[in-house]
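A.B. asks: One structure coming up, written as structure tokens, with questions to follow.
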Amino acid sequence: MGEALALASAVLFGTTHFLSGLLARRVDSAAVALLGQLGGVVLMLCLAPSFTAAATVVDGADLAWGGLSGIGTGVGVSSVYRGMSRGQFSVVVPLSDVAAVALPVLVGVALLGDRPGAVAWCGIAAAPAALWFVSRTGDAEREGAPGEGRGGFAAGAPDGLLAGGGFALQFVGLAQIDAEAGLWPLLANRAAAILVLVPLFVRRPQRLRMPTRLVWACSGAGLLGMSAITLYTLATREQLLSLTVVLTAMYPAIPVLLGVTVLRERLTRPQVLGLALAAASIALISLA
Numbered sequence: 001m002g003e004a005l006a007l008a009s010a011v012l013f014g015t016t017h018f019l020s021g022l023l024a025r026r027v028d029s030a031a032v033a034l035l036g037q038l039g040g041v042v043l044m045l046c047l048a049p050s051f052t053a054a055a056t057v058v059d060g061a062d063l064a065w066g067g068l069s070g071i072g073t074g075v076g077v078s079s080v081y082r083g084m085s086r087g088q089f090s091v092v093v094p095l096s097d098v099a100a101v102a103l104p105v106l107v108g109v110a111l112l113g114d115r116p117g118a119v120a121w122c123g124i125a126a127a128p129a130a131l132w133f134v135s136r137t138g139d140a141e142r143e144g145a146p147g148e149g150r151g152g153f154a155a156g157a158p159d160g161l162l163a164g165g166g167f168a169l170q171f172v173g174l175a176q177i178d179a180e181a182g183l184w185p186l187l188a189n190r191a192a193a194i195l196v197l198v199p200l201f202v203r204r205p206q207r208l209r210m211p212t213r214l215v216w217a218c219s220g221a222g223l224l225g226m227s228a229i230t231l232y233t234l235a236t237r238e239q240l241l242s243l244t245v246v247l248t249a250m251y252p253a254i255p256v257l258l259g260v261t262v263l264r265e266r267l268t269r270p271q272v273l274g275l276a277l278a279a280a281s282i283a284l285i286s287l288a
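Residues in the sequence shown are numbered consecutively from 1, following this note's numbering.
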């Protein structure tokens, strides 16, 4: 059951990123992120009462961890959607995923006394090379060509890396929540994410202007994203966290494949090598 939940979470994460990336190319990327979080709040208000734990009071620490993870969610979604609006999906999303998987391991080693095995260290060692190759543009690309940013970095690459830091905080926070807290901490997650995003509109409220159909589309993408986080959280309660992570971390395959096949994105040979290293890095770290 846990494996099925994790795989379903990966599919929803990948679909959410692809759809939100398309929307971010039509309207303001921050608006896509904010409306998505609001859509997630609606879903969680409907689901949380059904998953109420046996305990009558949810521990404040669990809500705090949910809120902290929400800060990461807000930073992550706003950054990855901004990156996808500027660059190739097949570059930005894998960058965010490698960083999201590798950073929690490094934090555990530096601050929590974790001691990863040799396999995990091989994955960590492969991560910098993967990030370098995926984020760089090829020498053969013309200046100003689609997908090319400044200083030799692919467009959207810095946003992808920043998003990875946000998602790392999100997953670290979610991992600290007690199963008996039910899904209420996920509501705290969405509330905190909204608080992170709202300041982006204080001086520029016009960023939210868009046709009604796109408002519904952004909210619908948010429902998918909230469903993905819910399934991920439930999967961690059914099986080992390491297995859940490795299965869920497969989600970039969807935006990468759709980016290459549907959007006709073109990758350089170094970027293809970087994607292979990224997949290996994620698998080695997660499996370990």
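Glycine is no exception: its CB is placed at the ideal position from the N, C-alpha and C atoms.
Quick one: which unbroken alpha helix (DSSP H) runs of 4-plus residues sit fully inside the region 57 to 125? Chain order, please.
C.D. replies: Taking only runs of at least 4 residues, the alpha helix (DSSP H) segments lying wholly in the region 57 to 125 are 60 to 86, 89 to 111.
A.B. asks: Use the C-beta contact count for residue 50: other C-beta atoms within 10 angstroms, 16 or more gives buried, fewer gives exposed.
C.D. replies: Under this definition residue 50 is an exposed residue.
A.B. asks: Give a single yes or no on whether residue 178 has its beta carbon closer than 8 Å to a heavy atom of the ligand FAD.
C.D. replies: Among the components modelled here there is no ligand, and therefore nothing to report on the ligand FAD.
A.B. asks: Flag this pair as yes or no: are the beta carbons of residue 159 and residue 219 separated by less than 9 Å?
C.D. replies: No, the pair does not count as a contact, with Cβ atoms beyond the cut-off.
A.B. asks: For the region 203 to 239, which segments carrying the alpha helix (DSSP H) assignment without a break, of at least 4 residues, lie completely within its bounds, in sequence order?
C.D. replies: Runs found: 212 to 236.
A.B. asks: Secondary structure at residue 269, three-state DSSP: helix, strand or coil?
C.D. replies: It is helical.
A.B. asks: Could you pull out every residue in the same chain whose Cβ sits closer than 6 Å to the Cβ of residue 185, ignoring the five residues on either side in sequence?
C.D. replies: Excluding residues within five positions, the ones whose Cβ falls inside 6 Å are 62, 63, 66, 177.
A.B. asks: State yes or no: is the C-beta of residue 134 within less than 9 Å of the C-beta of residue 282?
C.D. replies: No, they are not a contact pair.
A.B. asks: How big is the Cα-Cα spacing for residue 122 and residue 285?
C.D. replies: Approximately 8 Å, taken between the alpha carbons.
A.B. asks: If you run the structure through DSSP and keep just helix, strand and coil, what is residue 154?
C.D. replies: Reduced to three states, the DSSP call for residue 154 is strand.
A.B. asks: If we ignore side chains and look at the alpha-carbon of each, how far apart do residue 129 and residue 238 end up?
C.D. replies: One C-alpha to the other measures close to 34 Å.
A.B. asks: Buried or exposed, going by whether 16 or more other CB atoms sit within 10 Å of the CB of residue 125?
C.D. replies: Per the 10 Å Cβ criterion, exposed.
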